[in-house]
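A.B. asks: Let me give you the structure first, and then I'll get to my questions.
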Amino acid sequence: MSTTPGLFAVARAKMRTRHLAHRSEQTYLHWMRRYVAFHGRRHPRDLGPKDVERFLTHLAVQRRVSAATQNQALQALLFLYRHVLESELPWLSDMIRAHTAKRLPVVLTRDEVGALLTRLHGTARLIAGLLYGSGLRLTEALRLRVKDLALARGELIVREAKGGKDRVTTLPAALEPVLRAHLSRLHVWYEAERRCGRPGVSLPQALAGKYPHAALQWGWQYVFPARTLCRDPYTRQLQRHHLHEKSMQRAVQRAVHQAGLSQQASCHTLRHCFATHLLEDGYDIRTVQELLGHSDVKTTMIYTHVMNKGARAVRSPLDRIGQSPLLTLTAPDILPLPVQAGQSSSGSELQGNPGTQGVASGT
Numbered sequence: 479m480s481t482t483p484g485l486f487a488v489a490r491a492k493m494r495t496r497h498l499a500h501r502s503e504q505t506y507l508h509w510m511r512r513y514v515a516f517h518g519r520r521h522p523r524d525l526g527p528k529d530v531e532r533f534l535t536h537l538a539v540q541r542r543v544s545a546a547t548q549n550q551a552l553q554a555l556l557f558l559y560r561h562v563l564e565s566e567l568p569w570l571s572d573m574i575r576a577h578t579a580k581r582l583p584v585v586l587t588r589d590e591v592g593a594l595l596t597r598l599h600g601t602a603r604l605i606a607g608l609l610y611g612s613g614l615r616l617t618e619a620l621r622l623r624v625k626d627l628a629l630a631r632g633e634l635i636v637r638e639a640k641g642g643k644d645r646v647t648t649l650p651a652a653l654e655p656v657l658r659a660h661l662s663r664l665h666v667w668y669e670a671e672r673r674c675g676r677p678g679v680s681l682p683q684a685l686a687g688k689y690p691h692a693a694l695q696w697g698w699q700y701v702f703p704a705r706t707l708c709r710d711p712y713t714r715q716l717q718r719h720h721l722h723e724k725s726m727q728r729a730v731q732r733a734v735h736q737a738g739l740s741q742q743a744s745c746h747t748l749r750h751c752f753a754t755h756l757l758e759d760g761y762d763i764r765t766v767q768e769l770l771g772h773s774d775v776k777t778t779m780i781y782t783h784v785m786n787k788g789a790r791a792v793r794s795p796l797d798r799i800g801q802s803p804l805l806t807l808t809a810p811d812i813l814p815l816p817v818q819a820g821q822s823s824s825g826s827e828l829q830g831n832p833g834t835q836g837v838a839s840g841t
């Protein structure tokens with residue numbers, strides 16, 4: 479039985495009924511299509527748990543996707559069977575999810591953050607300043623609207639963040655004059671757009687229906703609007719959206735390279751730095767949790783593992799020893815010497831330096 483053309487249309491309608499984000503909708507449809515194509519375009523109703531396992535195994539073994547990506551595909555298939563096909567099959571609850579590795583976040587020093595920011599320019603530097611100074615995710619910064627900035631109170635409001643929650647976070651005093659100048663230029667551009675009869679900004683669907691003129695009002699304008707118009711994925715009407723994430727991601731990657739940073743920093747690294755540096759400054763973890771918008775303090779606790787030197791700020795016993803041969807080693811002493819032509823590589827180059835033998839052998 480081949481898939482009917484309406485299967486994915488029904489899936490899209492089901493997702494919109496449940497108010498899934500547009501990005502989640504696109505991701506789920508992507509995995510549903512790949513699942514159907516993998517099984518020769520057979521209808522999912524004719525497939526069972528073994529077929530789901532074969533597809534997930536293919537992703538892990540042949541495609542070598544991460545555990546998070548594999549779980550994302552599984553979540554899409556669970557939605558397909560439960561909500562689109564409405565198949566309450568017992569094996570749905572027995573599917574085993576891949577174990578996702580827990581990794582410590584990349585955190586830069588304050589000097590490294592400064593080096594990164596100085597290599598960004600214009601709008602990119604302002605956005606990066608908000609990521610680090612307010613602890614925003616990249617999408618949260620790009621979705622900011624004029625009405626979300628409370629400059630007089632030194633606050634900004636993050637609307638519909640991860641999990642659909644609103645929160646209030648701090649607005650750096652250093653950015654207040656820059657933001658005021660930016661908004662002044664933005665307002666001039668906004669008035670020119672209105673005189674030309676250009677379309678308004680994109681709005682949440684429910685809000686667009688309730689307040690049809692909100693898209694043209696100053697308070698609803700994006701702080702960082704895109705240069706070009708795009709079509710609404712639901713109504714297909716022209717509208718003004720915010721800057722694309724990739725433009726900012728590329729700018730940060732260039733700045734990381736120019737700054738000569740050894741770590742693989744990204745836009746999200748600046749959010750990690752915000753949390754870690756606040757904890758280093760003595761702010762309590764509950765306050766940092768609220769500013770980040772974490773539901774569980776355990777999520778915030780990960781920053782306590784990277785905020786001090788060493789794991790949990792433990793001082794190594796080696797640091798408590800006085801003068802020792804180990805402490806006077808130089809880099810050439812502990813590195814194996816190059817083997818000359820005709821010389822044996824049996825390790826004799828380490829003989830006569832008993833202080834390095836244990837270090838070189840990894841004991």
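Residue numbering for the sequence shown follows our numbering, starting at 479 and increasing by one per position. Ideal placement from N, C-alpha and C gives every residue a C-beta, glycine not left out.
Is the number of C-beta pairs between the region 580-589 and the region 751-763 that are closer than 8 Å three or more?
C.D. replies: The region 580-589, when compared against the region 751-763, does touch it at the 8 Å Cβ threshold.
A.B. asks: Note down the Cα distance separating valine 646 from valine 766, rounded to an integer number of angstroms.
C.D. replies: Walking along the sequence shown from the start, residue 646 turns up at place 168. Walking along the sequence shown from the start, residue 766 turns up at place 288. Going from the Cα of valine 646 to the Cα of valine 766 covers about 12 Å.
A.B. asks: What are the boundary residues of the alpha helix (DSSP H) that includes histidine 750?
C.D. replies: Residue 750 sits at position 272 when you count from the first residue of the sequence shown. 745-758 is the extent of the alpha helix (DSSP H) around histidine 750.
A.B. asks: Would you call tyrosine 668 buried or exposed, if buried means 16 or more other Cβ atoms sit within 10 Å of its Cβ?
C.D. replies: As a first step, residue 668 is located in the sequence shown; it is residue number 190 there, counting from the start. It counts as buried.
A.B. asks: From which residue to which residue does the beta strand (DSSP E) around glycine 720 run?
C.D. replies: Here residue 720 refers to the residue found at position 242 when the sequence shown is read from its first residue. Per the sequence shown, residue 720 should be read as histidine rather than glycine. Here the beta strand (DSSP E) through histidine 720 covers 716-720.
A.B. asks: Closer than 8 Å is the cut-off here; do at least three beta carbon pairs connect the region 546-556 with the region 710-729?
C.D. replies: Segments in contact, no.
A.B. asks: Along the chain, where does the beta strand (DSSP E) that runs through leucine 634 open and close?
C.D. replies: As a working mapping, residue 634 is identified with position 156 in the sequence shown. First-last of the beta strand (DSSP E) with leucine 634: 633-636.
A.B. asks: Where does arginine 705 sit, in a helix, a strand or coil, going by DSSP?
C.D. replies: By one-based count along the sequence shown, residue 705 stands at place 227. Arginine 705 falls in the strand class under three-state DSSP.
A.B. asks: Use the C-beta contact count for valine 775: other C-beta atoms within 10 angstroms, 16 or more gives buried, fewer gives exposed.
C.D. replies: Locating residue 775 in the sequence shown gives position 297, where the first residue counts as 1. The residue in question, valine 775, is exposed, as its Cβ has fewer than 16 Cβ neighbours within 10 Å.
A.B. asks: My output table needs one value for alanine 777: the three-state DSSP class, helix, strand or coil.
C.D. replies: Numbered from 1 along the sequence shown, position 299 holds the residue referred to as residue 777. The sequence given here has threonine at residue 777, not alanine. Note: threonine 777 maps to helix in three-state DSSP.
A.B. asks: Work out the CA separation of glycine 607 and glycine 760 for me, nearest whole Å.
C.D. replies: Here residue 760 corresponds to residue number 282 of the sequence shown, with the count starting at 1. Here residue 607 corresponds to residue number 129 of the sequence shown, with the count starting at 1. If you take the alpha carbons of glycine 760 and glycine 607, they lie about 21 Å apart.
A.B. asks: Taking C-alpha atoms, which residue in Ala628, His599 and His508 lies nearest to serine 612?
C.D. replies: The residue you call residue 612 lines up with position 134 of the sequence shown. Cα-wise, what sits closest to serine 612 is Ala628.
A.B. asks: What does DSSP give as the partner residues of threonine 648 in its beta bridges?
C.D. replies: Position 170 of the sequence shown, counted from the first residue, corresponds to residue 648. Beta-bridge pairing links threonine 648 to Glu633.
A.B. asks: Relative to the alpha-carbon of phenylalanine 533, which residue among Gln548, Leu707, Ser544 and Arg523 has its alpha-carbon at the smallest distance?
C.D. replies: If you number the sequence shown from 1, residue 533 lands on position 55. The option with the nearest alpha carbon to phenylalanine 533 is Gln548.
A.B. asks: Give me, in chain order, the residues of the same chain whose beta-carbon lies closer than 6 Å to that of glutamate 503; leave out the 5 immediate sequence neighbours on both sides.
C.D. replies: Numbered from its first residue, the sequence shown carries residue 503 at position 25. Met493.
A.B. asks: Shortest alpha-carbon distance to cysteine 674 belongs to which of Leu616, Gln540, Leu622 and Leu694?
C.D. replies: Translated into positions along the sequence shown, residue 674 becomes position 196. Minimum Cα distance to cysteine 674 is reached at Leu694.
A.B. asks: Taking the alpha carbon of histidine 497 as the reference point, which residue from Ala684, Glu654 and His599 has its own alpha carbon closest?
C.D. replies: Taking the first residue of the sequence shown as position 1, residue 497 is located at position 19. The option with the nearest alpha carbon to histidine 497 is Ala684.
A.B. asks: Given a cut-off of 9 Å on the beta-carbon distance, is the pair leucine 507 and arginine 490 in contact?
C.D. replies: Here the question's residue 507 lines up with position 29 in the sequence shown. Here the question's residue 490 lines up with position 12 in the sequence shown. Cβ atoms of leucine 507 and arginine 490: closer than 9 Å.
A.B. asks: Taking DSSP's pairing of strands, which residues face alanine 538 in a bridge?
C.D. replies: Within the sequence shown, residue 538 is the residue found at index 60, counting from 1. Paired residue(s): none; alanine 538 is not in a bridge.
A.B. asks: With a CB to CB cut of under 8 Å and the five nearest residues on each side skipped, what residues in its chain are close to tryptophan 696?
C.D. replies: Taking the sequence shown and counting its residues from 1, one reaches residue 696 at position 218. Closer than 8 Å at the Cβ level, and outside the excluded window around tryptophan 696, lie Val624, His665 and Tyr668.
A.B. asks: Is it buried or exposed for glycine 642, if we count other Cβ within 10 angstroms and need 16 for buried?
C.D. replies: One-based indexing of the sequence shown puts residue 642 at position 164. By the 10 Å Cβ count, glycine 642 comes out exposed.
A.B. asks: Relative to the C-alpha of alanine 593, which residue among Leu757, Met779, Gly738 and Gly600 is closest?
C.D. replies: Here residue 593 corresponds to residue number 115 of the sequence shown, with the count starting at 1. If we check each option's Cα against that of alanine 593, Gly738 comes out closest.
A.B. asks: Looking only at C-alpha atoms, which of Thr648, Ala729 and Arg597 sits nearest to glutamate 768?
C.D. replies: Within the sequence shown, the letter at position 290 stands for residue 768. With distances taken between Cα atoms, glutamate 768 lies closest to Thr648.
A.B. asks: For tyrosine 610, which of helix, strand or coil comes out of DSSP?
C.D. replies: What you label residue 610 is simply residue 132 of the sequence shown in a count that begins at 1. Helix, per DSSP.
A.B. asks: Here's a check: name, in chain order, each residue in its chain whose Cβ is nearer than 6 Å to the Cβ of leucine 614, leaving out the five neighbours to either side.
C.D. replies: Against the sequence shown, residue 614 aligns to sequence position 136. Answer for leucine 614: Leu608, listed in chain order.
A.B. asks: How about leucine 653 and leucine 595: are their beta carbons less than 9 Å apart?
C.D. replies: The count along the sequence shown starts at 1 and reaches residue 653 at position 175. The count along the sequence shown starts at 1 and reaches residue 595 at position 117. Contact flag unset, no.
A.B. asks: Hey, tyrosine 700 and valine 679 are a contact pair by Cβ (cut 8 Å); roughly how many whole angstroms apart?
C.D. replies: Translated into the one-based positions of the sequence shown, residue 700 becomes position 222. Translated into the one-based positions of the sequence shown, residue 679 becomes position 201. The Cβ separation is near 6 Å, so the contact holds.
A.B. asks: Assign alanine 546 to one of two classes, buried (16 or more other C-beta atoms within 10 Å of its C-beta) or exposed (fewer than that).
C.D. replies: Here the question's residue 546 lines up with position 68 in the sequence shown. So alanine 546 ends up on the exposed side.
A.B. asks: Which two residues bound the contiguous alpha helix (DSSP H) that contains serine 502?
C.D. replies: Translated into the one-based positions of the sequence shown, residue 502 becomes position 24. Residues 500-516.
A.B. asks: From valine 734 to leucine 661, what does the alpha carbon distance come to, in whole angstroms?
C.D. replies: For the purposes of this step, residue 734 is taken as residue 256 along the sequence shown, with counting starting at 1. For the purposes of this step, residue 661 is taken as residue 183 along the sequence shown, with counting starting at 1. If I take the Cα positions, the gap works out to 28 Å.
A.B. asks: Determine, using beta carbons only, whether alanine 743 and leucine 598 come nearer to each other than 9 Å.
C.D. replies: In the sequence shown, counting from the first residue as 1, residue 743 sits at position 265. In the sequence shown, counting from the first residue as 1, residue 598 sits at position 120. No, they are not a contact pair.
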